[in-house]
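Q:
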Amino acid sequence: MPSAEHTILRELLAAGTEWVSGTTLAAKLGVSRVAVWQHMEKLRAAGFTFEAQRAHGYRIAARPATLFGPLIELEQRLRPRGFTLIVLDSVDSTNDEAARQLAAGRATPFAVLARKQTRGRGRFGRTWHSDSSANLYASFAFHPRVEPERMQTFTLWMGVNVCALLEKFTGLAPGIKWPNDLLYDGRKAGGMLTEARIDADRIRDLVFGLGLNVNSPATAWPADLAKRAVSLAEVTGAPLDLNRLAAALVGRVLLAFQTFADGEHLKTFADLWHRHDVLRGKTISLLEGGRRHTGTVTGLDDEGALLLRDARGKAHRFRAGEVTLEKAAS
Amino acid sequence: MKRSELTEFAVEEEGFKLKIRRGANGLPIVSTARGSAAPFPTGDSVPPMPIPAPATPLANPAAAALKDEAGFAYIKSPMVGTFYRAGSPESKPFADVGAKVSENTVVCIIEAMKIMNEIQAEAKGTVVEALVENGQPVEYGQRLFKIKQG
Numbered sequence: 001m002p003s004a005e006h007t008i009l010r011e012l013l014a015a016g017t018e019w020v021s022g023t024t025l026a027a028k029l030g031v032s033r034v035a036v037w038q039h040m041e042k043l044r045a046a047g048f049t050f051e052a053q054r055a056h057g058y059r060i061a062a063r064p065a066t067l068f069g070p071l072i073e074l075e076q077r078l079r080p081r082g083f084t085l086i087v088l089d090s091v092d093s094t095n096d097e098a099a100r101q102l103a104a105g106r107a108t109p110f111a112v113l114a115r116k117q118t119r120g121r122g123r124f125g126r127t128w129h130s131d132s133s134a135n136l137y138a139s140f141a142f143h144p145r146v147e148p149e150r151m152q153t154f155t156l157w158m159g160v161n162v163c164a165l166l167e168k169f170t171g172l173a174p175g176i177k178w179p180n181d182l183l184y185d186g187r188k189a190g191g192m193l194t195e196a197r198i199d200a201d202r203i204r205d206l207v208f209g210l211g212l213n214v215n216s217p218a219t220a221w222p223a224d225l226a227k228r229a230v231s232l233a234e235v236t237g238a239p240l241d242l243n244r245l246a247a248a249l250v251g252r253v254l255l256a257f258q259t260f261a262d263g264e265h266l267k268t269f270a271d272l273w274h275r276h277d278v279l280r281g282k283t284i285s286l287l288e289g290g291r292r293h294t295g296t297v298t299g300l301d302d303e304g305a306l307l308l309r310d311a312r313g314k315a316h317r318f319r320a321g322e323v324t325l326e327k328a329a330s
Numbered sequence: 001m002k003r004s005e006l007t008e009f010a011v012e013e014e015g016f017k018l019k020i021r022r023g024a025n026g027l028p029i030v031s032t033a034r035g036s037a038a039p040f041p042t043g044d045s046v047p048p049m050p051i052p053a054p055a056t057p058l059a060n061p062a063a064a065a066l067k068d069e070a071g072f073a074y075i076k077s078p079m080v081g082t083f084y085r086a087g088s089p090e091s092k093p094f095a096d097v098g099a100k101v102s103e104n105t106v107v108c109i110i111e112a113m114k115i116m117n118e119i120q121a122e123a124k125g126t127v128v129e130a131l132v133e134n135g136q137p138v139e140y141g142q143r144l145f146k147i148k149q150g
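Protein chains in written order, with the working numbering: chain H, 1 to 330; chain L, 1 to 150.
#1: Using a Cβ cut-off of 9 Å (strictly closer), state whether G125 (chain L) contacts chain H.
#2: Output yes if chain H places a C-beta closer than 9 Å to the C-beta of K114 (chain L); else output no.
#3: Determine which residues share a DSSP beta bridge with K76 (chain L) and list them.
#4: I believe I119 (chain L) touches I75 (chain L) by the beta-carbon criterion, under 8 Å. Please report the beta-carbon distance rounded to the nearest angstrom.
#5: Let me know the secondary structure DSSP gives E322 (chain H) once reduced to three states.
#6: Can you check whether the C-beta of M40 (chain H) is within less than 9 Å of a C-beta belonging to chain L?
#7: May I ask you to list the residues that DSSP assigns as paired with T118 (chain H)?
#8: Based on Cα-Cα distance, which residue from H:P2, H:Q117 and H:A62 lies nearest to A45 (chain H)?
#9: Do P137 (chain L) and R319 (chain H) have their CB atoms nearer than 9 Å?
#10: Could you name the residues of chain L that A196 (chain H) contacts, counting a contact when the two beta carbons are closer than 8 Å?
#11: Starting from the C-beta of V20 (chain H), find all residues in its chain whose C-beta is less than 8 Å away, skip the five residues before and the five after it, and write them out in chain order.
#12: Looking only at C-alpha atoms, which of H:G125, H:D277 and H:K116 sits nearest to G186 (chain H)?
#13: Report yes or no: do three or more beta-carbon pairs, one from the region 111 to 127 of chain H and one from the region 157 to 173 of chain H, lie closer than 8 Å?
#14: If we define contact as Cβ-Cβ less than 9 Å, is P174 (chain H) a contact residue for chain L?
#15: Would P89 (chain L) and G125 (chain H) be called neighbours here (beta carbons separated by less than 9 Å)?
#16: What are the uninterrupted segments assigned as alpha helix (DSSP H) that are 4 or more residues long and contained completely in the region 135 to 171 of chain H, given in chain order?
#17: Taking the CB atoms as reference points, tell me whether S130 (chain H) and E97 (chain H) lie closer together than 9 Å.
#18: Counting only runs of 3+ residues fully inside the region 79 to 121 of chain L, write out the beta strand (DSSP E) ranges in chain order.
#19: Between which two residues does the alpha helix (DSSP H) containing E276 (chain H) stretch?
#20: Below 8 Å, how does it come out for the region 276 to 294 of chain H and the region 94 to 112 of chain L: are there three or more Cβ pairs, yes or no?
#21: Within a Cβ cutoff of 7 Å, which residues of the same chain sit near G299 (chain H), ignoring the five residues on either side of it in sequence?
#22: Quick one: residues in its chain with C-beta nearer than 8 Å to the C-beta of A52 (chain H), no 5 flanking neighbours on either side, listed in chain order?
#23: In whole angstroms, give me the CA-to-CA distance for K42 (chain H) and S93 (chain H).
#24: If we cut at 9 Å on Cβ distances, does P48 (chain L) have a partner in chain H?
#25: Helix, strand or coil for T108 (chain H)? Go by DSSP, reduced to three states.
#26: Taking only beta-carbon positions, decide if P137 (chain L) is within less than 9 Å of chain H.
#27: What ranges does the alpha helix (DSSP H) occupy inside the region 18 to 86 of chain H, keeping only unbroken runs of at least 4 residues that lie completely in it?
#28: State the DSSP-derived secondary structure class of V132 (chain L), mapped to helix, strand or coil.
#29: Can you give me, in chain order, the residues of the region 166 to 190 of chain H that have a beta carbon less than 8 Å from any beta carbon in chain L?
#30: At a cut of 8 Å, does the region 175 to 194 of chain H reach the region 257 to 269 of chain H through at least three beta carbon pairs?
#31: I need the DSSP call for G16 (chain H), collapsed to helix, strand or coil.
#32: Out of H:M158, H:K28, H:T127 and H:A305, point me to the one whose CA is closest to H6 (chain H)'s CA.
#33: Quick check on the burial criterion: 16 or more other C-beta atoms within 10 angstroms. Buried or exposed for A256 (chain H)?
#34: What would DSSP say about G190 (chain H), mapped onto helix, strand or coil?
#35: Can you have a look at G190 (chain H) and say buried or exposed, based on whether 16 or more other CB atoms are within 10 angstroms of its CB?
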C-alpha cells in the first residue's frame with residue numbers, strides 16, 4: 001500500500017498548477033484534515049514547499065533539491081514488475097550497499113540511490129568525490145542470464161545510454177571517454193563502475209554503479225579536481241531537477257539492461273558510440289599493466305577493445321587501460 | 001588477389017595511401033604512406049592487427065601438464081581480462097598462498113571492460129600456488145590458482 005505521503009504527492013503532481021483541497025486529500029486517505037496537514041509537514045521536511053489558500057487548498061510551489069524516493073517513483077514512467085527503489089540518506093558506497101542487499105537475498109532488479117557516499121569509489125578503490133547531496137550516486141543490481149564473455153561491451157553500452165539520456169535531458173551531448181568516463185568539454189561529469197560476481201561459467205549477479213555531478217557548484221570541488229570535474233548545472237547554466245533526472249535515469253538504465261540481455265543492443269551501439277566517442281582520431285597515451293603506449297585511436301573492435309595506431313603505423317588493441325588525452329601540439 | 005588478375009591495388013583516403021601489389025613470388029606486398037598535411041586517418045584502410053596477448057607463463061609448468069592431479073583443483077578464469085589479486089593496490093591479496101578457501105571465497109578480481117569481476121574459488125581447500133602475477137592479462141580457461149582440496 002502506498003504511503004500517505006505518496007498518495008498526497010500523487011494527487012498534487014497530477015493537479016499540476018491546480019489546487020487540491022484538504023478535504024479531497026483527507027477523503028482519499030480516509031483520514032482527518034489535521035492528519036493530512038501532518039503528512040504534508042513530512043513532505044516539507046523532505047524539501048517541498050506548498051502554497052495554501054483558504055477556499056482552494058494546496059499546490060506544489062517548489063520541489064526538493066535532493067533525492068526523494070516517493071517523488072522519483074511517481075516521476076518514473078517505466079516501472080517493471082518487481083523493481084525496488086531504495087533511497088538512502090548516506091551510505092559508504094551504493095555499489096557496496098547493492099552487493100550487501102544481493103547477499104541478503106533481495107530480488108533483482110533494484111536500485112540503490114544515496115544523497116551522499118562516504119566511500120564513493122572508482123576502480124581500484126580510488127575515491128569518487130561524493131559528499132554533495134546535489135549530485136547523483138546510483139547503483140543498479142541485476143541477475144544477467146548472459147555468458148560472462150558477452151559482458152565485454154556492457155559498461156560501454158550502459159555508458160552511451162547514459163550519454164543519450166543526458167543529451168535529451170540537458171540539450172547538450174556529453175562525450176564518453178573509453179571505457180567509463182562521461183565528459184563535457186574534457187571535464188569529468190560522471191563515471192561508471194560495474195562489478196560482478198562470477199561462478200565458473202555464469203554471472204551470479206552484477207552491479208552497475210554511476211556517479212553523476214549534477215548540481216554541485218564550481219566552488220564545491222577540491223582544488224585538485226576543479227579543472228578536471230564539471231557538473232551538469234555548470235554546463236547548462238541552470239540547476240537541474242535532480243529527482244526528475246533520477247527517475248529518467250532509472251528508466252533508461254532498466255531499459256538498456258533489458259536490451260543488452262536480449263542481445264538487441266548491437267543494432268544501435270555503433271551509432272551511439274560514434275555520436276559520443278571523444279577519443280577517435282585523437283592522440284592518447286594508455287597505461288596498461290605498468291606499460292605506457294602512445295598512439296592515435298582508430299576505433300573499437302567487436303569486443304569493445306580500444307584500437308590504437310602507434311607513430312610507426314603499427315596497430316595495437318587494448319582490452320583495459322587508463323587513457324590520457326595528449327595535449328594538442330601548439 | 002591471387003584469384004584475380006589484379007596485380008596492383010591502391011586506396012587513397014584523406015591523405016592516407018594503401019597500396020597492394022602482387023610481388024614476384026605471387027604474394028601481396030602491402031605498403032602504406034602517410035599524407036603530410038592531413039591528419040592521421042581514423043583508419044578503416046588497413047585492418048588492425050591484433051597484438052598477441054603477452055604470454056603469461058605458469059609459475060610451475062609441470063602443474064599445467066598434469067591434468068587431473070589427484071587431490072588438487074585449479075581455479076580457472078571464466079573470461080578474458082586483467083587479473084588482480086587485491087581490491088586496490090594498498091589492500092592485501094584476497095587469497096595468499098596458504099589461505100584456506102571454500103566455494104564462495106573471493107580469490108581474485110578479473111577486469112574486463114571495466115567490469116570488475118569477483119571470482120570465487122569453486123573449490124574447498126588451501127591455496128598452494130598463485131599461477132598468475134598481479135596486473136597480468138589472462139585468457140579464458142587459464143589456470144589462476146592451484147588448490148589442495150580438502
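Beta carbons: idealized from backbone N, C-alpha and C, even for Gly. Everything numeric in this text was worked out from a predicted model, so none of it was measured.
A: Let me lay it out:
#1: Mapped onto the second sequence, residue 125 (chain L) falls at position 125. Cβ-Cβ to chain H under 9 Å: no for G125 (chain L).
#2: Position 114 of the second sequence, counted from the start, is the residue given in the question as residue 114 (chain L). Taking Cβ atoms only, chain H reaches closer than 9 Å to K114 (chain L), which makes this a yes.
#3: As a first step, residue 76 (chain L) is located in the second sequence; it is residue number 76 there, counting from the start. DSSP, once it has assigned bridges, lists L:R143 as partnering K76 (chain L).
#4: Taking the first residue of the second sequence as position 1, residue 119 (chain L) is located at position 119. Taking the first residue of the second sequence as position 1, residue 75 (chain L) is located at position 75. That pair is a contact at about 7 Å.
#5: Within the first sequence, the letter at position 322 stands for residue 322 (chain H). Three-state result, E322 (chain H): strand.
#6: The residue given as residue 40 (chain H) occupies position 40 in the first sequence. No, no contact with chain L.
#7: Mapped onto the first sequence, residue 118 (chain H) falls at position 118. Paired residues: none, contrary to the question.
#8: Along the first sequence, read from residue 1 onward, the residue named residue 45 (chain H) stands at position 45. Answer by Cα proximity: H:A62.
#9: Here residue 137 (chain L) refers to the residue found at position 137 when the second sequence is read from its first residue. Here residue 319 (chain H) refers to the residue found at position 319 when the first sequence is read from its first residue. Contact: yes.
#10: Position 196 of the first sequence, counted from the start, is the residue given in the question as residue 196 (chain H). Simply I115, M116, N117 and E118.
#11: Translated into positions along the first sequence, residue 20 (chain H) becomes position 20. These residues qualify, in order along the chain: E11, L12, G57, Y58 and R59.
#12: Along the first sequence, one-based indexing puts residue 186 (chain H) at 186. Of H:G125, H:D277 and H:K116, the residue nearest in Cα terms is H:D277.
#13: no
#14: Residue 174 (chain H) sits at position 174 when you count from the first residue of the first sequence. Not an interface residue.
#15: Taking the second sequence and counting its residues from 1, the one referred to as residue 89 (chain L) is at position 89. Taking the first sequence and counting its residues from 1, the one referred to as residue 125 (chain H) is at position 125. For P89 (chain L) and G125 (chain H), yes; Cβs fall inside 9 Å.
#16: 154 to 170
#17: Working through the first sequence from its first residue, we reach residue 130 (chain H) at position 130. Working through the first sequence from its first residue, we reach residue 97 (chain H) at position 97. Not a contact, by the Cβ cut-off of 9 Å.
#18: 81 to 84, 106 to 112 and 115 to 120
#19: Within the first sequence, numbered from 1, the residue matching residue 276 (chain H) stands at position 276. One point to set straight first is that residue 276 (chain H) is His, not Glu, in the sequence displayed. L266 to H276 is the extent of the alpha helix (DSSP H) around H276 (chain H).
#20: no
#21: Walking along the first sequence from the start, residue 299 (chain H) turns up at place 299. These residues qualify, in order along the chain: R280 and L307.
#22: Here the question's residue 52 (chain H) lines up with position 52 in the first sequence. So the qualifying residues of the chain are Y58.
#23: The residue labelled residue 42 (chain H) in the question sits at position 42 within the first sequence. The residue labelled residue 93 (chain H) in the question sits at position 93 within the first sequence. Distance between the alpha carbons of K42 (chain H) and S93 (chain H) is about 27 Å.
#24: Here residue 48 (chain L) refers to the residue found at position 48 of the second sequence. Its pLDDT being 45, under 50, P48 (chain L) is placed unreliably by the model, and the measurement read from it follows with that caveat. Closer than 9 Å: yes.
#25: On the first sequence, position 108 is the one that residue 108 (chain H) refers to. Coil.
#26: To locate residue 137 (chain L), count along the second sequence from 1; it is residue 137. Judged by the 9 Å Cβ criterion, P137 (chain L) is in contact with chain H.
#27: 22 to 29, 33 to 45 and 69 to 75
#28: The sequence position of residue 132 (chain L) within the second sequence is 132, counting from 1. Residue state, collapsed to three classes: coil.
#29: P179 and N180
#30: no
#31: As a position in the first sequence, residue 16 (chain H) is number 16, starting the count at 1. Of the three classes helix, strand and coil, the one that applies to G16 (chain H) here is coil, per DSSP.
#32: Against the first sequence, residue 6 (chain H) aligns to sequence position 6. Checked all of H:M158, H:K28, H:T127 and H:A305; the closest Cα to H6 (chain H) is H:K28.
#33: Translated into the one-based positions of the first sequence, residue 256 (chain H) becomes position 256. Classification of A256 (chain H): buried, given that the 10 Å Cβ count is 16 or more.
#34: The count along the first sequence starts at 1 and reaches residue 190 (chain H) at position 190. In the structure shown, G190 (chain H) sits in a strand (DSSP, three-state: E or B).
#35: As a working note, residue 190 (chain H) is residue 190 in the first sequence. By the neighbour-count rule (16 or more Cβ atoms within 10 Å), G190 (chain H) is buried.
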